[in-house]
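Asks:
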Amino acid sequence: MKVVILAAGEGRRMLPLTLKIPKPLLRIGNKTILDYIFDALPEEIDSVIVVVGYLKKKIQQHLGNRYQGRSIRYVTQSILDGSATALLTTKDFFLPSERFLIIYGDELPTKQEVSDCLSHEFTWLCSPAEHPRQSGIATIASDGRIIEVIEKPENPISNLSAAGIMVVDSTIFNYRPVQHSNGEFYLTSLMNQFLQSHSVQVVYGNMRPAFVSPDELQKISF
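Here the sequence shown stands for residues 1 to 222, where the numbers follow the UniProt record's numbering.
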């Protein structure tokens, strides 16, 4: 099974740390964020596709063509205009209706969270958010299906945030992203279309460590 890791962004909120280091290579303790992601992957994930862009050579040097026993392939997002267009660059790597995992390159997943996501056909990890207005907030049906996710809402209905870990299939490439008011194309816009035609189960995870500034990064410990 394949995983797509979205690691192209500039990490502007983490300046000046990201002037010379891409956000996925920032260290927490003695490991990079990418290392935490790889450590959380189960054995069934045997192929990794990394979307790179900003300071991409540093990520390629860190991972190489194989990392922790898994093959690594790269695709470049030439225009850094959002996570939706980042994902769309990987379309040619997949067969029709092929199921795969997506992880944002600044996520800190646990093995259990990833395992729980893979235990259903289609899933989206959700967890409590400290700052709901800065997150994608999920609406959940009584049977555990995700109905909709609203990105950065003015008036959040809850603090249940959709994290950057989801299981989909390649039909997601049939949709077209909607541009957010800030000019970016969020993966949320593709996922909301995917939700309309697929039953996507919520997986409840731990509160995500907040690190949208260098100061917050220093406070994270494992």
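Here a beta-carbon is modelled for each residue, glycine too, at the ideal position from N, C-alpha and C. In this text the structure is predicted, and so the values were computed from the model without any measurement.
(1) What are the start and end residues of the alpha helix (DSSP H) that includes Lys111?
(2) Under the three-state reduction of DSSP, which class applies to Ile172: helix, strand or coil?
(3) Reducing DSSP to helix, strand and coil, say where Gln179 ends up.
(4) How is Ile59 classed by DSSP in three states: helix, strand or coil?
(5) Please classify Met191: does DSSP put it in a helix, a strand, or coil?
(6) Using only the alpha-carbon positions, how far apart do Gln61 and Val200 sit?
(7) Whole angstroms is fine: what's the gap from Lys57's alpha carbon to Met14's?
(8) Could you name the residues of the same chain whose beta carbon sits closer than 8 angstroms to that of Glu98, not counting the 5 residues immediately before and after it, in chain order?
(9) Here's a check: name, in chain order, each residue in its chain whose Cβ is nearer than 7 angstroms to the Cβ of Ile103, leaving out the five neighbours to either side.
(10) In the DSSP assignment, find the beta strand (DSSP E) that holds Leu6 and state where it starts and stops.
Replies: For this structure:
(1) Counting from 1 along the sequence shown, the entry for residue 111 is found at position 111. Run containing Lys111: 111-118, per the alpha helix (DSSP H) assignment.
(2) Taking the first residue of the sequence shown as 1, we reach residue 172 at position 172. If DSSP states are grouped into helix, strand and coil, Ile172 belongs with the helices.
(3) Counting from one through the sequence shown, the residue named residue 179 turns up at place 179. Look at Gln179 here: in three-state DSSP terms it is strand.
(4) Within the sequence shown, the letter at position 59 stands for residue 59. Looking at Ile59 - three-state DSSP - the assignment turns out to be helix.
(5) Locating residue 191 in the sequence shown gives position 191, counting from the first residue. DSSP places Met191 in helix when its eight states are reduced to three.
(6) Residue 61 sits at position 61 when you count from the first residue of the sequence shown. Residue 200 sits at position 200 when you count from the first residue of the sequence shown. Between Gln61 and Val200, the C-alpha separation is close to 35 angstroms.
(7) By one-based count along the sequence shown, residue 57 stands at place 57. By one-based count along the sequence shown, residue 14 stands at place 14. Rounded to the nearest angstrom, the two C-alpha atoms are 19 angstroms apart.
(8) On the sequence shown, position 98 is the one that residue 98 refers to. Closer than 8 angstroms at Cβ, skipping near neighbours: Lys2, Asp169, Ser170.
(9) In the sequence shown, counting from the first residue as 1, residue 103 sits at position 103. Around Ile103: Val3, Ile5, Ile37, Pro109, Gly164, Ile165.
(10) In the sequence shown, the residue the question calls residue 6 occupies position 6. 2-7 is the extent of the beta strand (DSSP E) around Leu6.
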